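If you count the sequence shown from 1, you need to add 254 to reach our numbering. These notes concern the structure reproduced below.
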Amino acid sequence: MNREEKIEHIRKGKFFAWGDAAVFAAAFLLIAVFTLFAFFGFGGAGADSFSVYYRGEKIFTAPLGEDAVYEFYIEGGQGYVRALEGEPHEDYNIIEVAGGKVGVREASCSDHVCVFFGAVRSGEINCLPHRMRIAAERSEGGTDL
Ligand SMILES: [Zn+2]
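Okay, structure coming up:
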């Protein structure tokens, strides 16, 4: 083997090493994706709580296991959630939790898309006019079964 061939050999060796690294990276990525799917995919099975976001900011979290009715409302540019009592505010979404599902029962928004989402056990409900989002989530530390 002359010098030239040696260099060529080393170069090839390096190339294959990089190739192996790429294969490992791809395999790792696949595993990561599948793991993520197992946790959050397939309809996000196992959600046991939900959070309410206003303008992307989490403002409220409650369990899905407790049947309750909440009112989301906007006042002075801020979003709030509280247990429903009395008359709703001007800009409101009535959020109902029943049988492990969360849904918007009634809303004052312009399109009522949030109401048409119906009650969900997983995933998200969006109310674009109110910039409000409800996300069914799995609370941290929950048992995995
Ligand atoms: Zn809406």
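Ideal placement from N, C-alpha and C gives every residue a C-beta, glycine not left out. As the structure is a computational prediction, the values presented were derived from the model and not from experiment.
Collapsed DSSP secondary structure at residue i in the structure displayed
i: residue 322; result: strand
i: residue 286; result: helix
i: residue 441; result: This structure does not reach residue 441, given that the chain is present from 255 up to 399, and the question cannot be answered.
i: residue 231; result: No information on residue 231 is available, as it lies outside the stretch 255 to 399 that the chain covers here.
i: residue 341; result: coil
i: residue 296; result: Since pLDDT at residue 296 reaches only 48, below the 50 mark, its modelled position is unreliable, and the value read off the structure follows with that caveat. Residue state, collapsed to three classes: coil.
Outcome for residue i when other beta-carbon atoms lying within 10 angstroms are tallied against a minimum of 16
i: residue 297; result: A caution first: residue 297 carries a pLDDT of 47, below 50, which makes its placement in the model too unreliable to give a value.
i: residue 347; result: buried
i: residue 304; result: buried
i: residue 391; result: buried
i: residue 259; result: exposed
i: residue 261; result: exposed
Continuous alpha helix (DSSP H) stretch holding residue i: start and end
i: residue 367; result: 367 to 370
Through-space distance from residue j to residue i, alpha-carbon basis
i: residue 358; j: residue 281; result: 41 Å
i: residue 381; j: residue 291; result: 26 Å
i: residue 372; j: residue 273; result: 49 Å
i: residue 362; j: residue 301; result: 27 Å
i: residue 335; j: residue 284; result: 39 Å
i: residue 326; j: residue 286; result: 36 Å
i: residue 367; j: residue 383; result: 9 Å
i: residue 370; j: residue 342; result: 20 Å
i: residue 263; j: residue 289; result: 39 Å
Endpoints, beta strand (DSSP E) assigned at residue i
i: residue 358; result: 355 to 361
i: residue 390; result: 386 to 391
i: residue 335; result: 332 to 337
i: residue 421; result: The question about residue 421 has no answer here: the residues shown for the chain are numbered 255 through 399.
i: residue 317; result: 311 to 317
i: residue 380; result: 378 to 381
Close beta carbons around residue i, own chain, < 6 Å, minus the five adjacent residues each side
i: residue 312; result: 305
i: residue 333; result: 308, 313
i: residue 360; result: 348
Nonlocal neighbours in the same chain, by C-beta distance under 7 Å from residue i, ignoring five residues either side
i: residue 320; result: 351
i: residue 378; result: 387, 388, 389
i: residue 374; result: 355, 356, 357, 390
i: residue 338; result: 323, 324, 325, 348
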